[in-house]
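Using my numbering, you'd call the opening residue of the sequence shown number 69 and step up by one each time. Virtual Cβ for every residue (Gly too), placed ideally from N, Cα, C.
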Amino acid sequence: MIRMKTKNWPKVAVLATIFLIGAVTNVRADAVSDWNAIAVNSIVAAGSARPGPAGVLDLATMNAAIYDAVQAIEKDYETYYVDIPGASGSPVAATAKAAYDVLVNRFPGQAGPLGVTYQNYLIANGILPTDPGLAVGATAAAGIIALRACDGSFPAGPNTFIGGTGIGVWRPTPPANSPMNPGPWLGQVTPFVMTRPTQFRSEPPPSLDSRRYARDYNEVKRLGSLNNSERTPDQTDTAYFYAGNFVVMMNQLVREMAAEHVDNITDSSRLFALVSMSQGDAAIATWNDKAFYVFWRPITAIQFGDSDGNPRTTGDPAWNRSEER
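This is the structure:
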């Protein structure tokens, strides 16, 4: 388990506060942050192969390996999964090797560019091929790769989930009208910390004929429309902000948090492991809920609003949502 030393609880409180207010400044980086940025670039380069939040699974796997590699050497916290007795060497070397091995395993098509990045990183940081930390990183990566080998994070078949056409049921939405992406497979991936994907099942959506449903429906209809919306400019900017790439934005924020408030590689490895595994489990739980309830999207609900059986809602077949800039 990843347990924190008592003396560091004030630091966690500071980090949590900074996370909420977003007051962070990028002033320095370490090996964990460096490889987080490299991993995010690999996820973006994978394109449709890692849609939406699926990339958090790759980051969680990599950061678990980095964490175990660093802790094997520094011995500040308990490891997550891989124990390496007698580990020694540079934690920077261990971080680079653990990250590289996991990324090549998960993105074999990028092995060439990743190999160049890895070798250049070792040279830039003065890491010799004989550094014992490299073997530590390789061992940690091998253990985590084996642990996650059959976790379901790379579905074998094509994504073909299209829901249904019933009232209240999810269906493909314009403009692409594509199957759910990522598909329901994401909700069946083995969690990193949760005991099962359904451990924190969300409450069901409100009944279509309820006052609560009508309230939420009419709010989205008023504020979320592409045209003639009642939202303020600030609300529009907020919507565009949250429409950005989740994996890119969240990890940039964590790197900035680490740069400003974490001054050693052992706490940095722990921060990234905790955040990424939490994100991974959150994505798994969310997609499990999506597949369980199969509830329609707002654009479908509003376009077919006259069929929902609620006298407090009025449909608009021409309604369209606000789009990204």
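Classify residue i: buried if its beta carbon has 16 or more other beta carbons within 10 angstroms, exposed otherwise.
| i | result |
| --- | --- |
| Ile191 | exposed |
| Ser380 | The amino acid at residue 380 is misidentified as Ser; the sequence shows Arg. With fewer than 16 Cβ atoms within 10 Å of its Cβ, Arg380 is classed as exposed. |
| Phe309 | exposed |
| Lys143 | exposed |
| Gly194 | exposed |
| Arg216 | buried |
| Val138 | buried |
| Ala369 | buried |
Grouping DSSP H, G and I as helix and E and B as strand, with all else coil, what is residue i?
| i | result |
| --- | --- |
| Ser375 | helix |
| Leu196 | coil |
| Met72 | Confidence in Met72 is poor, its pLDDT being 37 and thus under 50, which makes the residue's placement unreliable; the coordinate value appears in the next sentence. Note: Met72 maps to coil in three-state DSSP. |
| Asp102 | helix |
| Lys143 | coil |
| Asp219 | coil |
| Gly90 | Note on Gly90: pLDDT 42, under 50, position unreliable in the model; the coordinate value appears next. Coil, per DSSP. |
| Ala122 | helix |
| Glu328 | helix |
| Asn109 | helix |
| Gly157 | coil |
| Asn286 | helix |
| Ser344 | helix |
How about residue i: is its Cβ closer than 7 Å to a heavy atom in the ligand NAD?
| i | result |
| --- | --- |
| Ala164 | For the ligand NAD, the structure offers nothing, since it holds no ligand at all. |
So, residue i versus residue j, is the Cβ gap smaller than 8 Å?
| i | j | result |
| --- | --- | --- |
| Tyr148 | Ala341 | yes |
| Ala208 | Val288 | no |
| Asn188 | Arg323 | no |
| Asp126 | Arg174 | yes |
| Thr185 | Ile367 | no |
| Gly205 | Ala244 | no |
| Val362 | Val237 | yes |
| Ala179 | Ile134 | no |
| Met345 | Phe222 | no |
| Ala132 | Ala155 | no |
Who pairs with residue i in a beta bridge, going by DSSP?
| i | result |
| --- | --- |
| Arg389 | Ser293 |
| Val237 | Phe363 |
- Item | Contact the segment 96–106 vs the segment 293–307: 3+ CB pairs below 8 Å | no
- Any 3 or more C-beta pairs closer than 8 Å across the segment 247–256 and the segment 353–373: yes
- Query: Do the segment 156–176 and the segment 224–234 touch if we need at least three Cβ pairs shorter than 8 Å?
  - Reply: no
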